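> Provided herewith is a single structure, encoded as C-alpha cells, for subsequent inquiry.
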Amino acid sequence: MRLSDGMILYHGSYAPVRHVDLSRCATGKDFGRGFYLTSDELQARRFIRTSLRKAQGLGTAPREQSFGFVSSFQFKKPDSPLFVRQFPEADASWLWFVASNRRTALAEVLVDKLDPSLGSADVIVGKVANDATNPVITTYLNGLYGPIDEPGSSEIAIKLLLPSRLKDQYCFRTERAVKCLEPLEVTRFEA
Numbered sequence: 098m099r100l101s102d103g104m105i106l107y108h109g110s111y112a113p114v115r116h117v118d119l120s121r122c123a124t125g126k127d128f129g130r131g132f133y134l135t136s137d138e139l140q141a142r143r144f145i146r147t148s149l150r151k152a153q154g155l156g157t158a159p160r161e162q163s164f165g166f167v168s169s170f171q172f173k174k175p176d177s178p179l180f181v182r183q184f185p186e187a188d189a190s191w192l193w194f195v196a197s198n199r200r201t202a203l204a205e206v207l208v209d210k211l212d213p214s215l216g217s218a219d220v221i222v223g224k225v226a227n228d229a230t231n232p233v234i235t236t237y238l239n240g241l242y243g244p245i246d247e248p249g250s251s252e253i254a255i256k257l258l259l260p261s262r263l264k265d266q267y268c269f270r271t272e273r274a275v276k277c278l279e280p281l282e283v284t285r286f287e288a
C-alpha cells in the first residue's frame, strides 16, 4: 500500500474526471475531504454505482443515467517529498481516524487518540471502509459495541470488518499532492 513513483491509481465516479478540483470533494469521508483513488481498478468500477446513486439523489446526475466512469492517473513523485501518512492495517488508529472524519462530533471524544500530524498530511493511505463494511462502521459509530474511545469496542469492530479483505484507498488532500497526478484515460462502464 505504498505510494510510489509511476503508480497507476483509479477513481470511480458518475462523471469523468480529467482535472481534480478539491473544492468539489465532499467532507465526511474516511480520511476527510480529498480526492480518493485506489490501486484496484475493479474496486473503482464497483464504486461507480455508489457514486451514481448519491449524485442522482443530490440531483447532479440524471435519474435515467445508468453508467459511470473510471478515470486513471499516474502518480509522479515531486522534487520535494509529500507528507504521506499511511495506515498499513485496519487497526484502532485507523478506525478512530475514520470515525472522527465520518462524524465530526466524535472528533472531540477521540482527540487524545488521534495523531495531530494527520491534519497536515498531503496524502493519506489506508484500507477502505466500503459499502460492505458500512453496517459494522455505523454500528461502531452508534456506540453499540461500547464507547467508541475504548479499545474493546474498536477491537470488536475491527474483527468484524475482516481487515484482510479490505482494499486500499489513497486520499489526496492538498493541491500540491493533486499536482502529482497525471491524468491518463477515462473509461465508461455500465453501473
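The working numbering applies: residue 98 is where the sequence shown begins, and numbers increase by one.
By construction, the Cβ of each residue, glycine as well, lies at the ideal position given by its N, Cα and C atoms.
As the structure is a prediction and not an experimental result, all values here were calculated from the model.
Which whole-angstrom value describes the C-beta separation of residue 277 and residue 172, a residue pair presumed to lie in contact below a C-beta threshold of 8 Å?
For the purposes of this step, residue 277 is taken as residue 180 along the sequence shown, with counting starting at 1. For the purposes of this step, residue 172 is taken as residue 75 along the sequence shown, with counting starting at 1. Between residue 172 and residue 277 the Cβ distance is about 6 Å, and since that is below 8 Å, they are a contact.
> Measure the C-alpha to C-alpha separation of residue 157 and residue 166 and round it to an integer number of angstroms.
For this step, residue 157 is matched to residue 60 along the sequence shown. For this step, residue 166 is matched to residue 69 along the sequence shown. Cα to Cα, residue 157 sits roughly 15 Å from residue 166.
> Take residue 216 and list the residues in its own chain whose beta-carbon comes closer than 6 Å to its own, dropping the five residues that flank it on each side.
Your numbering for residue 216 matches position 119 in the sequence shown. Taken in chain order, the list of residues that qualify is empty.
> List the residues that DSSP assigns as beta-bridge partners of residue 181.
As a working note, residue 181 is residue 84 in the sequence shown. Answer is 220.
> Only counting runs of 3 or more residues, tell me where the beta strand (DSSP E) segments fall wholly within the region 203 to 271, in order along the chain.
Correct list: 220 to 224, 265 to 269.
> Does the region 240 to 259 touch the region 114 to 127, meaning 3 or more C-beta pairs lie closer than 8 Å?
Touching, no, given that fewer than three Cβ pairs across the two stretches are closer than 8 Å.
> Less than 8 Å between the CB atoms is what I'm expecting for residue 263 and residue 230, so what's the real figure, rounded?
One-based indexing of the sequence shown puts residue 263 at position 166. One-based indexing of the sequence shown puts residue 230 at position 133. Right, their Cβ atoms sit about 7 Å apart.
> Going by C-alpha to C-alpha distance, which of 99, 280, 287 sits closest to residue 180?
As a first step, residue 180 must be located in the sequence shown, where it is residue number 83. Answer by Cα proximity: 99.
> Once the 5 residues before and after residue 195 are set aside, which same chain residues still bring their CB inside 6 Å of it?
For this step, residue 195 is matched to residue 98 along the sequence shown. Result list for residue 195: 127, 226, in chain order.
> Residue 233 and residue 204 - do their beta-carbons sit closer together than 7 Å?
Translated into positions along the sequence shown, residue 204 becomes position 107. Translated into positions along the sequence shown, residue 233 becomes position 136. Against a cut-off of 7 Å, the Cβ pair of residue 233 and residue 204 comes out as no contact.
> Thinking residue 246 and residue 210 are a contact (beta carbons under 8 Å), I'd like their distance in whole angstroms, please.
If you number the sequence shown from 1, residue 246 lands on position 149. If you number the sequence shown from 1, residue 210 lands on position 113. Confirmed, about 6 Å.
> For residue 115, tell me which candidate among 286, 275, 140, 249 has the shortest Cα-Cα distance.
Sequence index remark: in the sequence shown, residue 115 carries index 18 (1-based). Comparing Cα positions, the closest option is 275.
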